[in-house]
Amino acid sequence: MESTSDGWIKVPFTARSLLSLFACLLIISESSAARHGDPTIIQEADPNSRFICKGQLGDFPACTCIEQTSEISCINAQFVEADVFLHINGHYKSINKITFHGNNFQDLPDRPLFGTTKYPGLHHLNLSANYIVNLNSNALKSIPNIRVLDLSNNEIVLRPQDTNFLSHTPLLTHLYLRRAFTSSVNRTRQFELMMNLFTNAKLDNLQVLDLSYNYLSSVPYALACPFPSLNKLDLRQNMLKTISMNTTCLSGVNTIDLSRNSFRYLDEAFRQKFANYLNPETLIMRNTFFCDCNSADYIQWIRSTNVIRERNLLVCSRASPQNFIGSRLVEVPVHKLDCETPLVAEAPSTMSGSLISVFLALLLSQVLVAV
C-alpha cells in the first residue's frame, strides 16, 4: 500500500473486494428497511401476508382472503355495522365463499348485503353466530346463485316483512338453521311465519334442512312440503316427545335425525301415522328410552320395523327392574319388565312442600329473634 502526499493510504481494489463491499452494503440496506417497516421486506418474511385482504378489510387481522380458492372470511371480528359487506366490492373478480362468523350485526340491512354489486359466482354464504335478530327481505337480493346458506347460532325473530328473505335464492341446496331462533318468542306465530318464509322461497332444489338445537317441542305438520327435493331433515337436540308430519311430503327423504330429543317411549300415533310411512333406514333415534311394563308395544315395534337406522344401538336408559339399564331394546326381555321402580322422579307433594315452607318460616323467625 502507498501513501499519498496528503497522508491518505492507497488501497488497491480488486473485483473480489468490490463484490464483498457491495454485499455488505446490501445487507445493511435490507436491515434498515426491515426496521423501518418496508412492506416488501415484511411480505417476504411473513408467509401469511398473501392472505391479507384488499381494501378496508385488510385493516382487520380477523379477516383473511384467499384468492386461489376465492374465499373471504372474517371470524370473531366483532363487526357491528352490516356496511362491512360493502368493503368487499371492487377488489375481487370472483368470490365463491364468504364467511362472517362471530360478529354483532343484530340487523341485516334492508338492502342487498353488497349494495348494487352482484356476485353470480358466490355459492356459499356463512352468517353464523352473529347475534342476528332481524333478517330483512332484501338482504340476499344480489346473490341469486348461492347453494349453501348458514344462519346457525343466531337469535332470529321472524317478522311478517321478513317472509321473502329466501325468495332471492332459488338454487339453495343446504339451509342450516341450527340454534338459529330465540326460544322466548311465541312458537305458534313463529311457526306460521317460518312456513310462509319457506313457501315464498320456492326452494325446489333444497336437499338438507337443519333445525337442530332450537328447543322445539313440536314442528309444523307441513314442514317438509315446500321442499320437493328434500332428502335430509335434521331435528337433533330439540325437546320433541313425539312428532306428527305430513308423510306425503317425505317420500324423497332418506334421513330424519331425531337424536337427543325427549323421546322416552314411541307412542302409537308416532308409529302408525308417521314412522310406518317413511322409507327404510330413515329415522335416527338415539334418545333416553324407558323400559318398563308399559314399553312392550314400542319395543316390539322397533324390533319389527326397518325404518330405524342403527336400532341395535338403542338401549334402556332407565328400566324397571334396574338391572336392565343399558340393555339393548332389540334384546331386553320384555316379559321381565315391570313397573315397580318409578322411572320419572316424582315432584314433592303439596303437603310436603307446605310443611317445608312452614319449617323454613319458623327457622327464619327464630334467627331474626336471636338477632
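Positions -33 to -1, 1 to 338 (mature numbering (1 follows the signal peptide of the UniProt record, and there is no 0)) are the ones given, in order, by the sequence shown. Every residue, glycine too, gets a C-beta built ideally from N, C-alpha and C.
Classification of residue i by the beta-carbon crowding that lies within 10 angstroms, buried from 16 upward
| i | result |
| --- | --- |
| Val274 | buried |
| Cys20 | buried |
| Ala236 | exposed |
| Thr249 | buried |
| Asn43 | exposed |
| residue 351 | Any question about residue 351 goes unanswered here, given that the chain covers just -33 to 338. |
| Cys41 | buried |
| Ala312 | exposed |
| Asn71 | exposed |
| Ser218 | exposed |
| residue 346 | Nothing about residue 346 can be reported from this structure: the residues present for the chain run from -33 to 338 only. |
| Ser287 | buried |
| Asn254 | buried |
| Asn228 | buried |
| Leu77 | For clarity, residue 77 is Asp in the given sequence; the question names Leu instead. Asp77 should be labelled exposed. |
Among the options, nearest to residue i - alpha-carbon criterion
| i | options | result |
| --- | --- | --- |
| Ala106 | Ile266, Phe81, Thr249 and Thr149 | Phe81 |
| Thr186 | Met206, Gly69, Glu38 and Asn198 | Correcting the residue identity first, residue 186 is Val in this sequence and not Thr. Measuring from the Cα of Val186, the nearest candidate turns out to be Met206. |
| Lys108 | Phe291, Thr130, His135 and Arg227 | His135 |
| residue 413 | Thr155, Asp234 and Lys199 | For residue 413 there is no data in the structure shown, the boundaries of the chain being -33 and 338. |
| Ser104 | Asn131, His90, Arg231 and Ile110 | Asn131 |
| Ile65 | Ser229, Val100, Leu89 and Asn153 | Leu89 |
| Asn120 | Gly219, Ser294 and Tyr182 | Tyr182 |
| Ile123 | Leu164, Tyr59 and Glu307 | Leu164 |
| Gln204 | Asn261, Asp177 and Leu160 | Asp177 |
| Met161 | Leu133, Asp171, Asn172 and Ser184 | Leu133 |
| Asn97 | Thr83, Phe67, Ile110 and Glu38 | Phe67 |
| Glu159 | Thr140, Arg146 and Asp129 | Asp129 |
Test item: CB-CB of residue i and residue j under 9 Å
| i | j | result |
| --- | --- | --- |
| Leu168 | Pro137 | Here residue 168 is Ala; the residue named in the question, Leu, does not match the sequence. Yes; because the gap between Cβ atoms is below 9 Å, this pair is in contact. |
| residue 342 | Leu281 | Because the chain is modelled from -33 through 338, residue 342 falls outside the range shown and cannot be assessed. |
| Thr31 | Phe18 | yes |
| Asp74 | Ser95 | no |
| Val100 | Thr155 | no |
| Leu144 | Val115 | no |
| Leu125 | Leu102 | yes |
| Leu304 | Ser271 | no |
Chain B within 9 Å of residue i, Cβ atoms only
| i | result |
| --- | --- |
| Leu144 | You won't find chain B in this structure, because it holds only one protein chain. |
Inter-residue Cα distance where the pair is residue i and residue j
| i | j | result |
| --- | --- | --- |
| Phe27 | Pro79 | 23 Å |
| Met212 | Ala189 | 6 Å |
| Cys283 | Thr209 | 18 Å |
| Ile55 | Leu225 | 40 Å |
| Leu233 | Leu24 | 53 Å |
| Phe230 | Ile62 | 44 Å |
| Asp50 | Glu277 | 48 Å |
| Pro300 | Ser294 | 9 Å |
| Gln174 | Thr308 | 44 Å |
Below 8 Å, can you find three or more Cβ-Cβ pairs linking the segment 237 to 248 to the segment 191 to 207?
-> No contact exists between the segment 237 to 248 and the segment 191 to 207.
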